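The block underneath contains the structure these notes are about, expressed in structure tokens.
In our numbering, the protein residues as written are 658 to 1167.
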């Protein structure tokens, strides 16, 4: 009963409860530190259908608070709890401890931050919602941990900390999970020798900056990865001076590559982290890429997609943009994307049924439009959110998008910056793509993909013109809808409203 008041017969108010109490009261209970404490295991979403108590700890910054794993084990140790890594996002399976904010022996209160956890291209805080003392840290900074695996031991009394100097995480957890990935990563026989070196977390605790062994996982900050990529450096060849050998921006700035290690986008850079087999090459997939893949797969399997496309004429919008930019400094110029994002938010006011989510038993309509803007490519893919875009001016939207893009490139976006909005826009025009059919990002009901702008020959509808045809700048917009939420006619109405705003942008002022 974990230190709470021991139950009495008076608490059992009904006859069946009194009989149950009479049978259960004979069971041993923890009455002192010498007695074996009862086991209490809080697991992720209890797979055996048992009631899951309210967790003592949760993730911060509005992240999904999944119960941590806490164990009271039969041992000679004082009363303690083994705390597991919580899930900081709905599909998170693992995370990397970026930095510990507290050390063994430190006390904490509600709101104290235990550590920073890197996941899904955002660094999030693991925050306490109770008080206690950290007895031992089980996972060093820079290590990747699966959700639910033990990361620390906590106690109530600071005098108990010394008893945990030799504490080892219970064998029932997945703490010794480092070797299995080594065996499963390289299926072919030629790969086993380098794989044996892969668990070289031994290089991580080294005090000096030592390059990562070939094939091993590279621990680096998002900014350091971007700097190395921009400079054409093989990041695995750079020594890390951060916690547990983690590569930070200063390491990349101070790195002096030799001719053998400088790669400027050549295949050798990929080969450093790739695993070659007979007739194939395996490329490790980052944690963020795995999470995105899982989310998209789930959405594609569950959401009944349908797609509608419309051609938009941009000449009036381009003219308005030129007029507005004439009064703005060069570094604050509006983009076509800013105006199209504003038009999407206003179209939601005209057809609010699209700004909704499927909630199994109800359809939830939102009163404001929060738009996710897809930025980057590959491992650098993120989707920062512009909140309440419909109530903001185009200049405010432009400034916010610019700040979010800079944060994505520098790896400084917070968790709330990448929260799920109510609608998503994906612009592929820079790649010359004419149109695309994006996957709806649950729980949203629609995703808009914009293609490349191009000049097309159109019939001239002006009766006073002598020209039969005219040139116009056109773009194809394709919207994916969740048919459970948005019927075909409603989707068509939204695209019609969007087309009207784009082709008559002055109406955005109404």
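C-beta: ideal position from N, C-alpha, C; glycine also.
Here the structure is a predicted model, which means the values were calculated and not measured.
- Secondary structure note for residue 982: its alpha helix (DSSP H) is the uninterrupted segment 972-982.
- Proximity of the region 1136-1155 to the region 1003-1020 meets the contact definition, three or more beta-carbon pairs being nearer than 8 Å.
- Using a C-beta cut-off of 8 Å, the region 1110-1130 makes no contact with the region 939-955, since fewer than three inter-stretch Cβ pairs fall below that distance.
- Below 8 Å, enough C-beta pairs join the region 1026-1045 and the region 1073-1085 to call them touching: three or more.
- One thing to note: residue 804 has its Cβ no nearer than 7 Å to the Cβ of residue 796.
- C-alpha of residue 766 to C-alpha of residue 1071: approximately 23 Å in a straight line.
- Bounds of the beta strand (DSSP E) holding residue 781 are 779-785.
- In this structure, DSSP gives residue 964 an extended state, which the three-state scheme calls strand.
- For residue 1007, the uninterrupted alpha helix (DSSP H) segment begins and ends at 993-1007.
- For residue 1063, the enclosing alpha helix (DSSP H) covers residues 1051-1067.
- Within the same chain, and ignoring the five residues on either side of residue 1000 in sequence, the residues whose Cβ sits closer than 8 Å to its Cβ are 1155, 1158, 1159, 1162, 1165.
- Closest option to residue 816, judged by alpha-carbon separation, among 736, 936, 877, 1088: 736.
- Leaving aside the five residues that flank residue 909 on each side, the residues in its chain whose CB is nearer than 8 Å to its CB run, in chain order, 881, 884, 885, 888, 890, 892, 895.
- DSSP places residue 906 within a helical segment (H, G or I) once states are collapsed to three.
- Residue burial annotation: residue 1097 is buried, with at least 16 other C-beta atoms found within 10 angstroms of its C-beta.
- When rounded, the separation of the alpha-carbon atoms in residue 1092 and residue 1059 is 24 Å.
- Contact fails between the region 1043-1054 and the region 944-961, because fewer than three Cβ pairs, one in each stretch, are under 8 Å apart.
- Here residue 791 is bridged, per DSSP, to 811.
- For the set 877, 1136, 791, the Cα lying nearest the Cα of residue 1067 is the one of 877.
- By the CB criterion at 7 Å, residue 1095 and residue 1106 fall inside the cutoff.
- Burial is judged here by how many other beta carbons sit within 10 angstroms of a residue's own beta carbon; residue 1143 has at least 16 and is buried.
- Take residue 1117, set aside five residues on each side of it, and the residues of its chain with a beta-carbon closer than 7 Å to its own are 1124, 1125, 1126, 1127, in chain order.
- Restricting attention to alpha helix (DSSP H) runs no shorter than 4 residues, the region 733-768 encloses none.
- Within 10 angstroms of the beta-carbon of residue 1139 lie 16 or more other beta-carbons, which makes it buried.
- The closest CA to that of residue 1080, considering only 1063, 1003, 905, 944, is found on 1003.
- According to the DSSP assignment, residue 797 belongs to no beta strand (DSSP E), since it is labelled neither H nor E.
- Looking at the backbone, the Cα of residue 1073 and that of residue 1043 are separated by about 11 Å.
- Within the region 1105-1146, not a single complete alpha helix (DSSP H) segment reaches 4 residues in length.
- DSSP places residue 959 in the uninterrupted alpha helix (DSSP H) bounded by 944-959.
- Under the 10 Å beta carbon count, residue 980 is surrounded by fewer than 16 other beta carbons and is classified as exposed.
- Between residue 759 and residue 791 a beta carbon distance of about 6 Å is seen, short of the 8 Å cut, so the two are scored as contacting.
- Across the set 1130, 1090, 991, the C-alpha of 1130 shows the shortest separation from the C-alpha of residue 1115.
- Between residue 755 and residue 773, the gap from beta carbon to beta carbon is short of 7 Å.
- Residue 1090 sits in coil when the DSSP states are folded into three classes, being neither helix nor strand.
- Checking the DSSP bridge columns, you'll see residue 1083 partnered with 1106.
- In this chain, residue 1012 is not harboured by any beta strand (DSSP E), its DSSP state being neither H nor E.
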